[in-house]
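Q:
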Amino acid sequence: VVSTAEYGVVSTQSTGVRYGAALALGISCAGTGMKEALNILEPMINDPVNYVRQGALLASAMVLVQQNDHTCPKLKHFKELFTKTISDKHEDIMVKFGAVLAQGIINAGGRNCTISMRTQYGHTNVPSIVGLLVFTHTWFWFPLAHFLCLSFQPTYLIGLNKDLKMPKMKFRSCARPSTYAYPPLLEPPKEKEKEKVSTAILSTTAKKQAKSKATAMEVDPPAEEKKEAKEEEKKKQEEEKKEEEKKKEVEKKKDEAKFELLTNPARVIVEQRNVM
Numbered sequence: 073v074v075s076t077a078e079y080g081v082v083s084t085q086s087t088g089v090r091y092g093a094a095l096a097l098g099i100s101c102a103g104t105g106m107k108e109a110l111n112i113l114e115p116m117i118n119d120p121v122n123y124v125r126q127g128a129l130l131a132s133a134m135v136l137v138q139q140n141d142h143t144c145p146k147l148k149h150f151k152e153l154f155t156k157t158i159s160d161k162h163e164d165i166m167v168k169f170g171a172v173l174a175q176g177i178i179n180a181g182g183r184n185c186t187i188s189m190r191t192q193y194g195h196t197n198v199p200s201i202v203g204l205l206v207f208t209h210t211w212f213w214f215p216l217a218h219f220l221c222l223s224f225q226p227t228y229l230i231g232l233n234k235d236l237k238m239p240k241m242k243f244r245s246c247a248r249p250s251t252y253a254y255p256p257l258l259e260p261p262k263e264k265e266k267e268k269v270s271t272a273i274l275s276t277t278a279k280k281q282a283k284s285k286a287t288a289m290e291v292d293p294p295a296e297e298k299k300e301a302k303e304e305e306k307k308k309q310e311e312e313k314k315e316e317e318k319k320k321e322v323e324k325k326k327d328e329a330k331f332e333l334l335t336n337p338a339r340v341i342v343e344q345r346n347v348m
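Going by the numbering used here, the first residue of the sequence shown is number 73, and it counts up by one from there.
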């Protein structure tokens, strides 16, 4: 599928084929975090045609469903790309709409759902297929985007006893907790500190002050030097924070357990089932 989509993207000048190839790639590789698929979709986000860019954003979000920084290092880059596209005032509305949908697809079901056309037992899921089919026609009528919800499937593991009641128990996951952990939430934009503007002093008032005070006055440093000093302090603080975060990450990796105990019911993604 990847090679076919790559051929459709690279070899044709038809914008419709490029859009269809992007969505086909996203649906077929949904929830896998496949690097080859992301490498094809990433340059398509800069396509000159607006709805092709929209399709590339939607497809990349499908591929990145339930992925984290451990399983897919490119997740952070794509999330920043989505937020940048949404906040860009000069971006086309159609592309913004695709970025908003992509942001929702990544966080589908509180990050507890994946996109799949099969049931947990491997059978074909007809409602999911119909939902994805109708969703691909969102370009014609945007409310059809809601049909994508039919393809969302919760990823869970629930233990029941003979009376079909849910007892208190724990499941053992033979993988490190960070391997299948929740992807990080979006951080709200930090507010910029408002710099105080120095008040203007008239020449007449300065002369009056000089006459009234016979002693030598202490001269304040110019405003430019103050700004430079503040910027240097901010840079030092940011560098210190980054170093502390790196040290914490290294310490966490060293002290991290080789397995994890999950309480019943538990969030267990598709890839994690093999290590339960």
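All C-beta atoms in this analysis are idealised placements derived from N, C-alpha and C, irrespective of residue type, glycine included.
1) Between Gln225 and Cys185, how many whole angstroms is the CB-CB distance? I'm expecting something under 8 Å.
2) From Phe150 to Gln85, what distance separates their C-alpha atoms?
3) Would you list, in sequence order, the uninterrupted beta strand (DSSP E) runs of no fewer than 3 residues that lie entirely inside the stretch 142-187?
4) Is the stretch 212-225 touching the stretch 245-256 in the sense that three or more CB pairs, one from each, lie closer than 8 Å?
5) Give the DSSP-derived three-state secondary structure of Pro256 in the structure shown.
6) With burial defined as no fewer than 16 other Cβ atoms inside 10 Å of the residue's Cβ, what is the status of Ala288: buried or exposed?
7) Report the three-state DSSP secondary structure of Arg248 (helix, strand or coil).
8) At a cut of 8 Å, does the stretch 226-239 reach the stretch 114-123 through at least three beta carbon pairs?
9) Identify the residues that DSSP records as bridge partners of Phe243: which are they?
10) For Val206, collect the residues of the same chain with a Cβ closer than 7 Å to its Cβ; drop the 5 residues on either side in sequence, then sort them by chain order.
11) Below 8 Å on the Cβ atoms is my guess for Met189 versus Leu173; work out the distance and round it to an integer in Å.
12) Tell me whether the beta-carbon of Val137 lies closer than 8 Å to the beta-carbon of Ala94.
13) Would you please verify whether the beta carbon of Asn184 is less than 8 Å from any beta carbon of chain D?
14) State yes or no: is the C-beta of Ala171 within less than 8 Å of the C-beta of Leu110?
15) Pairs of beta-carbons, one from the stretch 234-244 and one from the stretch 328-346, closer than 8 Å: are there three or more?
16) Can the beta-carbon of Ser132 be found closer than 8 Å to that of Leu113?
17) On the DSSP bridge assignment, give the partners of Arg190 in chain order.
18) Output needed for Gly231: all residues of its chain with C-beta closer than 6 Å, excluding positions within five of it in sequence on either side, in chain order.
19) Could you please give the first and the last residue of the uninterrupted alpha helix (DSSP H) stretch that includes Pro115?
20) Can you look up Pro215 in the DSSP assignment and give me helix, strand or coil?
21) For the candidate residues Glu316, Asn197, Val124, whose alpha-carbon lies nearest to that of Thr210?
22) Among Asp235, Thr208, His162, which one has its Cα closest to the Cα of Leu222?
23) Rounded to the nearest angstrom, how far is the Cβ of Met134 from that of Ile177, given a contact under 8 Å?
24) Give every residue of the same chain whose Cβ lies closer than 7 Å to the Cβ of Ala286, excluding the five residues on either side of it in the sequence, and list them in chain order.
25) Using DSSP's beta-bridge definition, name the partner residues of Leu229.
26) Would you call the CB atoms of Asn122 and Asp160 closer than 8 Å?
27) With DSSP as the reference, please indicate the residues paired to Phe224 in a beta bridge.
A: The answer reads as follows:
1) Here residue 225 refers to the residue found at position 153 when the sequence shown is read from its first residue. Here residue 185 refers to the residue found at position 113 when the sequence shown is read from its first residue. Their Cβ separation, rounded to whole angstroms, is 6 Å, which keeps Gln225 and Cys185 in contact under 8 Å.
2) Within the sequence shown, residue 150 is the residue found at index 78, counting from 1. Within the sequence shown, residue 85 is the residue found at index 13, counting from 1. Near 25 Å, if we compare the C-alpha coordinates of Gln85 and Phe150.
3) 185-187
4) In short, these stretches do not touch, since the Cβ pair count stays below three.
5) Against the sequence shown, residue 256 aligns to sequence position 184. It is coil, neither helix nor strand.
6) Here residue 288 is taken as the residue at index 216 of the sequence shown, counted from 1. In this prediction, Ala288 scores a pLDDT of 47, lower than 50, which makes its location untrustworthy; the coordinate-derived value is nonetheless stated afterwards. Exposed.
7) On the sequence shown, position 176 is the one that residue 248 refers to. In the three-state reduction of the DSSP assignment, Arg248 falls in the coil class.
8) They do not touch, by the three-pair rule.
9) Your numbering for residue 243 matches position 171 in the sequence shown. Answer is Leu334, bridged to Phe243.
10) Walking along the sequence shown from the start, residue 206 turns up at place 134. Beyond the five residues adjoining it in sequence on each side, Val206 comes within less than 7 Å, by CB distance, of Leu216, Phe219 in the same chain, given in chain order.
11) Reading the sequence shown from its first residue, position 117 is the one you call residue 189. Reading the sequence shown from its first residue, position 101 is the one you call residue 173. At roughly 19 Å, the Cβ-Cβ gap does not stay under 8 Å, so Met189 and Leu173 are not in contact.
12) Within the sequence shown, numbered from 1, the residue matching residue 137 stands at position 65. Within the sequence shown, numbered from 1, the residue matching residue 94 stands at position 22. Against a cut-off of 8 Å, the Cβ pair of Ala94 and Val137 comes out as no contact.
13) This model lacks chain D altogether; it includes just one protein chain.
14) The sequence position of residue 171 within the sequence shown is 99, counting from 1. The sequence position of residue 110 within the sequence shown is 38, counting from 1. No.
15) yes
16) One-based indexing of the sequence shown puts residue 132 at position 60. One-based indexing of the sequence shown puts residue 113 at position 41. Taking 8 Å as the Cβ cut-off, Ser132 and Leu113 qualify as a contacting pair.
17) If you number the sequence shown from 1, residue 190 lands on position 118. Arg190 pairs with Thr196.
18) For the purposes of this step, residue 231 is identified with residue 159 of the sequence shown, where counting begins at 1. Correct list, in chain order: Met241, Asn336.
19) Position 43 of the sequence shown holds residue 115. It spans 107-116 - the alpha helix (DSSP H) in which Pro115 sits, taken as one unbroken run.
20) For the purposes of this step, residue 215 is taken as residue 143 along the sequence shown, with counting starting at 1. Helix, per DSSP.
21) Counting from 1 along the sequence shown, the entry for residue 210 is found at position 138. It is Val124 whose Cα lies nearest to the Cα of Thr210.
22) The residue given as residue 222 occupies position 150 in the sequence shown. Closest by alpha carbon: Thr208.
23) Position 62 of the sequence shown holds residue 134. Position 105 of the sequence shown holds residue 177. Sure, about 6 Å apart at Cβ, within 8 Å.
24) Numbered from 1 along the sequence shown, position 214 holds the residue referred to as residue 286. Since pLDDT at Ala286 reaches only 48, below the 50 mark, its modelled position is unreliable, and the value read off the structure follows with that caveat. Cβ within range, chain order: n/a, list empty.
25) Along the sequence shown, one-based indexing puts residue 229 at 157. According to DSSP, which records beta bridges pairwise, Leu229 is partnered with Ala338.
26) On the sequence shown, residue 122 is found 50 positions in, with the first residue counted as 1. On the sequence shown, residue 160 is found 88 positions in, with the first residue counted as 1. No; because the gap between Cβ atoms is not below 8 Å, this pair is not in contact.
27) Here the question's residue 224 lines up with position 152 in the sequence shown. In DSSP, Phe224 forms a bridge with Ile187.
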